[in-house]
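A short worksheet on the structure shown next.
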Amino acid sequence: MGSCCTCHPKNNKTYTLNLEARPGLYVNEKFSYPSSYINLQSFAQRMANTISNMKIHNPIKTLVSKSKRRYTKDGFNLDLTYITNNLIAMGFPAEKLEAVYRNSIDDVAKFLEAKHNDHYKIYNLCSERSYDETRFQRVATYPFDDHNPPRMEVIQPFCNDVHQWLSQDKNNVAAVHCKAGKGRTGVMVCCYMLYSKQHRTAKDALNFYGSKRTTDKKGVTIPSQRRYVGYYATLVQEALQYQPVTLVIREIRLEPAPLLNGAQCGNIQFTISQQNEKLFTSAPKEVKKGAGLIELPLSQYIPITGDVKVEFCRKTIRKDKMFHFWFNTFFVRDEIVVSGQDNGTLGVPTSDCTIRTVRALSYDEQAATNNHYNNNENQHNSNNHHNNNSSNASGGEPRPRETRANSCSSLGIDNNRMLVLRIDKWDLDDAHKDKPNKLYSSDFRVSTTRIMYQIVQLLISE
0 MGSCCTCHPK NNKTYTLNLE ARPGLYVNEK FSYPSSYINL QSFAQRMANT
50 ISNMKIHNPI KTLVSKSKRR YTKDGFNLDL TYITNNLIAM GFPAEKLEAV
100 YRNSIDDVAK FLEAKHNDHY KIYNLCSERS YDETRFQRVA TYPFDDHNPP
150 RMEVIQPFCN DVHQWLSQDK NNVAAVHCKA GKGRTGVMVC CYMLYSKQHR
200 TAKDALNFYG SKRTTDKKGV TIPSQRRYVG YYATLVQEAL QYQPVTLVIR
250 EIRLEPAPLL NGAQCGNIQF TISQQNEKLF TSAPKEVKKG AGLIELPLSQ
300 YIPITGDVKV EFCRKTIRKD KMFHFWFNTF FVRDEIVVSG QDNGTLGVPT
350 SDCTIRTVRA LSYDEQAATN NHYNNNENQH NSNNHHNNNS SNASGGEPRP
400 RETRANSCSS LGIDNNRMLV LRIDKWDLDD AHKDKPNKLY SSDFRVSTTR
450 IMYQIVQLLI SE
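0 is the number of the first residue of the sequence shown in numbering that gives the first Met the number 0; add one for each residue after it.
The structure is reproduced here in structure tokens:
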């Protein structure tokens, strides 16, 4: 007589499967399987390999890639794009279950060995994770955090490394990746294209990368990351040598007040960080409805050097993030001269203020400029005497520009002079997503100002 499975007790056991969905996030799930499937981790790995091997028609990988262009030739299905003939942008080479929706490390290795055997080098930009580097022939790491720009000190060594590798053999390629292979990867690829003179401006490099890497031309979209591509473009265009510059933040202003909690009232707070260390956290500031100006003076002068992050949040029962931005003190260039005595507070710039740009020159460039100027001083004085006190717009020999130290020193003499960094709403991280202008008006901007020798004052105006 036949038997039904319901006539016998189930020989099932319950196991807990710990899956790493992404770094730092673990999902514990209980599954009921026949006891023959004791090694669930092995079973899960076999399933991951099976799904990953569905090359061309794997809808999961395509869904995760979103608008990124994929390489789907010769039996491969990879989140990988040739930006140029020797520059590759790709997603993270993942293992285990993550390979279901990201590039499989096996597939990436097979691709590179098949297409560029002994002529490829991988550049890993992830600070949050790594992998077995022995799976590849060459791997270099230049890590920085997701959704953030790199430290300025990282960009030049990266460009030197890539250029040295590509120059060794015309067949060499550089494969650059972060996690998704878009934002951080785009920053460094664009910087290298500027370094190698493939593009003259940051805008050109960013647009080119966006058109190659994505179908919607949205490559590097985070404002601070785009800003740092612009910073590096400035270094290349003006042949500057980057050197950290120390400034001191004195005050932050918001003008007018943004909307908080659905109404123009509430408390606002900000933090200033440098190298992942919080230097200052302000006390909550009450924002009243209809306030045209919010002044946020610091209780102490905070010296900052190099890469700086400023974050704003709404202070309720919990902290709700508003927006943030990164900037580098070396590139705080614009100088504003405000009439009236400085009594410790910043007067609102008016029409009688004059604004000019102070170039941040390195010591080497300043020395070269001075030598060149001295050699041509007599000719300059005779031919361009009428331009001695202004910038030469007629093509004559320009006067030497001040060094950063000289500029700041001059501010110690004239307390009415301030350096200004202005950032529009559309260049503020998170705030740029407010396209309907519900929280910030379309002309919302951040102004980082007030340097008196090494004193900076931040202004946020709307």
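For each residue, glycine too, the CB sits at the ideal point set by N, CA and C.
Given the structure is predicted, the values throughout are model-derived calculations rather than measurements.
Three-state class that DSSP yields for residue i in the structure shown
| i | result |
| --- | --- |
| F42 | Residue placement at F42 is poorly supported in this model, since its pLDDT is 46, which falls under 50; the coordinates still yield a value, given next. Looking at F42 - three-state DSSP - the assignment turns out to be helix. |
| R226 | helix |
| D442 | coil |
| Y194 | helix |
| F329 | helix |
| D203 | helix |
| V175 | strand |
| R128 | coil |
| A290 | coil |
| D306 | strand |
| Y81 | strand |
| I301 | strand |
| A256 | coil |
| A88 | strand |
| P243 | coil |
| P435 | coil |
| T133 | helix |
| V235 | helix |
| V336 | strand |
| T184 | helix |
| K216 | coil |
| K72 | coil |
| K67 | strand |
| D160 | helix |
| K109 | helix |
| I221 | coil |
| H115 | helix |
Cβ shell of residue i (< 8 Å), same chain only, five flanking positions each side left out
| i | result |
| --- | --- |
| F110 | Y70, F75, L77, L79 |
| K318 | Q268, C312 |
| Y241 | M151, E152, Q155, L234, F329, S361 |
| I303 | T245, L246, V247, I248, I271, Q273, L278, T328, V455 |
| I104 | P92, A93, E94, A98, Y130, D131, R134 |
| I55 | Note that I55 scores a pLDDT of 47, beneath 50, so its modelled location is shaky and nothing firm can be said. |
| F143 | L124, S126, P149, R150, V153, R183 |
| S66 | T213, T214, D215, K217 |
| N116 | none |
Beta bridge counterpart(s) of residue i as assigned by DSSP
| i | result |
| --- | --- |
| F311 | F269, F322 |
| A139 | Y122 |
| A282 | A282 is not bridged to any residue. |
| A93 | S103 |
| D428 | H323 |
| Y208 | In DSSP, Y208 forms no bridge with anything. |
| L295 | I251 |
| K277 | S272 |
Distance between beta carbons of residue j and residue i, contact taken as under 8 Å
| i | j | result |
| --- | --- | --- |
| M89 | G180 | 5 Å |
| Y231 | L205 | Not a contact, Cβ separation roughly 11 Å. |
| R252 | L295 | 7 Å |
| K216 | S210 | 5 Å |
| R68 | T214 | 6 Å |
| I82 | R212 | 7 Å |
| V219 | C189 | 7 Å |
| R128 | A108 | Not really, about 17 Å apart at Cβ, beyond 8 Å. |
| L239 | K437 | Contact flag wrong, Cβ pair sits at about 40 Å. |
| R137 | K114 | Rounded, the Cβ-Cβ distance is 15 Å, inconsistent with contact. |
| L292 | P243 | That pair is no contact at about 32 Å. |
| L165 | N85 | 6 Å |
Same chain only: Cβ atoms within 6 Å of residue i, ignoring 5 sequence neighbours per side
| i | result |
| --- | --- |
| Y32 | Residue confidence for Y32 is low, a pLDDT of 42 falling below 50, so the modelled location carries little weight; the figure read from the coordinates is stated next. Taken in chain order, the list of residues that qualify is empty. |
| P283 | N266, Q268, K314 |
| Q167 | none |
| A392 | Interpretation of A392 is limited by its pLDDT of 34, a score under 50 that renders its predicted location unreliable; the figure taken from the coordinates is listed afterwards. If we look at A392 and ignore the five residues flanking it on each side, it has no Cβ neighbours. |
| F157 | Y141, M187 |
| T280 | T270 |
| D433 | Y439 |
Interface flag, residue i vs chain B, CB-CB below 9 Å
| i | result |
| --- | --- |
| F91 | Considering every chain present, this structure includes no chain B. It has just one protein chain. |
Close Cβ partners of residue i (< 7 Å) along its chain, the five nearest in sequence each way excluded
| i | result |
| --- | --- |
| H118 | D168, N170, N171, V172 |
| L427 | P222, F322, F324, V445 |
| K308 | S272, H323, W325 |
**OP:** Taking 8 Å as the threshold, find out whether the stretch 134 to 151 comes into contact with the stretch 226 to 235 through three or more Cβ pairs.
**Re:** Contact holds: three or more Cβ-Cβ distances are below 8 Å.
Original post:
Do the stretch 174 to 189 and the stretch 120 to 132 meet, that is, are 3 or more Cβ pairs less than 8 Å apart?
Top reply: Contact annotation: the stretch 174 to 189 touches the stretch 120 to 132, with at least three C-beta pairs closer than 8 Å.
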